[in-house]
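Numbering that gives the first Met the number 0 applies: residue 0 is where the sequence shown begins, and numbers increase by one. Ideal Cβ positions, reconstructed from N, Cα and C, are used throughout, including at glycine. In what follows, a single structure is set out as structure tokens and then discussed.
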Amino acid sequence: MERIAIYPGSFDPLTYGHLNIIERGRLLFDKLIVAVAHNTAKKTFFDFEERLQILREVLKDIDKVEVDGFEGLLVEYAEKKKASVILRGIRTVSDFEYEFQMALANKMLNPSLETVFMMTDARYSYLSSTLIKEIVRFGGSVSSMVPPLVEEKLKEKFRKILQEDNR
Ligand code: COA
Numbered sequence: 000m001e002r003i004a005i006y007p008g009s010f011d012p013l014t015y016g017h018l019n020i021i022e023r024g025r026l027l028f029d030k031l032i033v034a035v036a037h038n039t040a041k042k043t044f045f046d047f048e049e050r051l052q053i054l055r056e057v058l059k060d061i062d063k064v065e066v067d068g069f070e071g072l073l074v075e076y077a078e079k080k081k082a083s084v085i086l087r088g089i090r091t092v093s094d095f096e097y098e099f100q101m102a103l104a105n106k107m108l109n110p111s112l113e114t115v116f117m118m119t120d121a122r123y124s125y126l127s128s129t130l131i132k133e134i135v136r137f138g139g140s141v142s143s144m145v146p147p148l149v150e151e152k153l154k155e156k157f158r159k160i161l162q163e164d165n166r
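The structure is reproduced here in structure tokens:
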């Protein structure tokens with residue numbers, strides 16, 4: 000039986016921290032579906048289509064990795080995709096509580112679905128999508144934190160917002 004894992008997230012935007020988990024995680028499974036959440040609790044900077052498009056472009060040549068979007072409950076999506084594992088990255092102790100709660104809730108909803116955690120590489124443990132957006136907003140470089148396409152899209156969107164604000 001094919002072992003399929005889902006790596007879900009809002010990816011707003013995708014960072015080298017996420018990529019590190021994808022690169023290592025795909026080696027553990029037959030297929031890794033990187034699943035972009037349509038409706039997250041957060042108000043996102045990039046809309047759903049933009050986040051999906053960025054992931055598709057950046058991950059297009061990575062073997063065993065598929066990009067998809069989902070709406071609604073993650074457990075239902077996992078069932079539809081015949082996935083047996085949810086993959087999540089943990090950066091620091093502070094991530095633990097949130098991840099623990101989510102893993103237990105998902106387990107209650109579907110006991111046959113396992114959540115597997117991977118420690119994010121130490122080089123990226125300080126990263127967050129919020130931090131990256133803030134740096135770009137104030138004109139800083141995030142080239143060591145995100146793929147070139149992501150930096151380009153961030154700058155482009157902030158430029159647009161600024162132009163609209165100045166009208
Ligand atoms: N390296 C660096 N940073 C990382 C990282 C890594 N390996 N992994 C996550 N992060 C950061 C992200 O940049 C992001 O930062 P931010 O908080 O500043 O935006 C944060 O950690 C979390 O983002 P992400 O990994 O994209 O996940 P998420 O927590 O936004 O995703 C869902 C949550 C989508 C998985 C969850 O809400 C969900 O399953 N929703 C569907 C509805 C559902 O089923 N709900 C019930 C769940 S119990």
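Might you give, ordered along the chain, the residues of its own chain that have their beta carbon closer than 8 Å to the beta carbon of residue i, omitting 5 neighbours on each side?
i: E1; result: D29, K30, K81
i: N109; result: V74, A77, E78
Tell me which residues share the same chain as residue i and place their Cβ nearer than 7 Å to its Cβ, disregarding the 5 neighbours each side in the sequence.
i: N105; result: L73, V74, I85, L112, T114
i: R87; result: E98, T114, F116
i: N19; result: T119, D120, Y123
i: R158; result: none
i: M101; result: none
Just confirm the distance between the C-beta atoms of residue i and residue j, as a whole number of angstroms; I'd bet it's less than 8 Å.
i: G16; j: T119; result: 5 Å
i: I3; j: I21; result: Actually they are not in contact, since the Cβ atoms of I3 and I21 sit about 14 Å apart, beyond 8 Å.
i: E151; j: S142; result: Contact doesn't hold; Cβ gap of about 10 Å is too wide.
i: S128; j: P12; result: 6 Å
i: F10; j: R50; result: 5 Å
i: F44; j: K154; result: About 12 Å; that fails the 8 Å criterion.
i: L148; j: T14; result: About 12 Å; that fails the 8 Å criterion.
So which of the options has the shortest CA-CA distance to residue i?
i: Q52; options: G68, E78, E96; result: G68
i: L58; options: R166, P110, I131, V145; result: V145
i: K156; options: V135, P147, L13, L27; result: V135
i: G71; options: L103, R90, A40; result: A40
i: V64; options: M107, L26, R90, V92; result: L26
Give every residue of the same chain whose Cβ lies closer than 6 Å to the Cβ of residue i, excluding the five residues on either side of it in the sequence, and list them in chain order.
i: F47; result: H37
i: A34; result: I5, P7, D67, F69
i: A77; result: I5, L112
i: N165; result: none
Is there a Cβ of chain B sitting closer than 7 Å to that of residue i, yes or no?
i: A34; result: You won't find chain B in this structure, because it holds only one protein chain.
| Quick one: complete beta strand (DSSP E) runs, 3+ long, within the region 7-59? | Within the region 7-59, the complete beta strand (DSSP E) runs of at least 3 residues are 30-36.
Check your understanding: Can you give, in chain order, each stretch of the beta strand (DSSP E) that sits fully within the region 91-145 and has at least 3 residues?
Key -> 113-118, all fully within the region 91-145.
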